[in-house]
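According to the UniProt record's numbering, the sequence shown is numbered sequentially starting from 1. In this text, a Cβ means the ideal position worked out from N, Cα and C, and glycines have one as well. Because the structure is a prediction, the values reported are computed rather than measured. One structure is given below, encoded as structure tokens.
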Amino acid sequence: MMSMKATVPNMKNKTFSSLILPYKNERYQMFVFLPNHDNSTADIVSEISLDNLNYWLDTYTESVLDISFPKFKMEYTSNANASLTNLGLGIAFSNDADFGKINNDTPLKIRRVVQKTFIVVDEDGTDAAAVT
């Protein structure tokens, strides 16, 4: 169980309570959402949109909170081929790819680009990373 007392941005609305936990370098943050008594996680997910996120960000205020999280680890793996193709890099996955500056002897192409992400929350705090 991770427990701490900290001054963090937080907010409440009719569906959930939320807080933002910054990571050490403050470039990344973890947004935490907790459904209110009569709501579910699905209710929160159904409200998430870019417009709502921008609106909610304006409603966070800082206050001192006692925060506790159960110990957990989450991992996610995704294939980035479609996203990279949509960005105009599809040729790199085809037989027309030109990686001649890497290897002139054998034609090369990219078969798959995988991204793995994880987050660990435990007694020591939280750790997260992404690798592509």
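Residue i CB to nearest heavy atom of the ligand MN below 7 Å
i: I102; result: Within the structure as shown, the ligand MN is missing, as the structure has no ligands at all.
Inter-residue spacing [alpha-carbon to alpha-carbon] between residue i and residue j
i: T77; j: R112; result: 12 Å
i: N54; j: F31; result: 13 Å
i: A80; j: I110; result: 11 Å
i: E123; j: K71; result: 7 Å
i: F93; j: A130; result: 22 Å
i: A82; j: L34; result: 33 Å
i: T106; j: L89; result: 20 Å
Spatially closest choice to residue i from the options, by CA coordinates
i: M74; options: M11, K14, T132, I119; result: I119
i: S60; options: T132, I20, T126; result: What sits at residue 60 in the sequence shown is Tyr, not Ser. When only C-alpha atoms are compared, the closest one is I20.
i: G125; options: T132, N86, Y23; result: Y23
Contact belief for residue i with residue j at Cβ below 8 Å, rounded distance in angstroms
i: N39; j: T15; result: 5 Å
i: N36; j: S17; result: 7 Å
i: L87; j: A97; result: The pair is not a contact, with the Cβ atoms about 15 Å apart (cut-off 8 Å).
Considering only residues of the UniProt domain "Serpin" (1 to 132), which uninterrupted beta strand (DSSP E) runs meet the minimum length of 3 residues and lie entirely inside it, listed in chain order? Taken in chain order, the complete beta strand (DSSP E) segments of 3 residues or longer contained in the UniProt domain "Serpin" (1 to 132) are 2 to 12, 16 to 22, 29 to 35, 61 to 69, 72 to 79, 114 to 122, 125 to 131.
Take every Cβ of the region 3 to 14, pair it with every Cβ of the region 61 to 68, and state whether three or more of those distances are shorter than 8 Å. yes
Counting Cβ pairs, one atom from each stretch, are 3 or more of them under 8 Å apart for the region 10 to 21 and the region 39 to 56? yes
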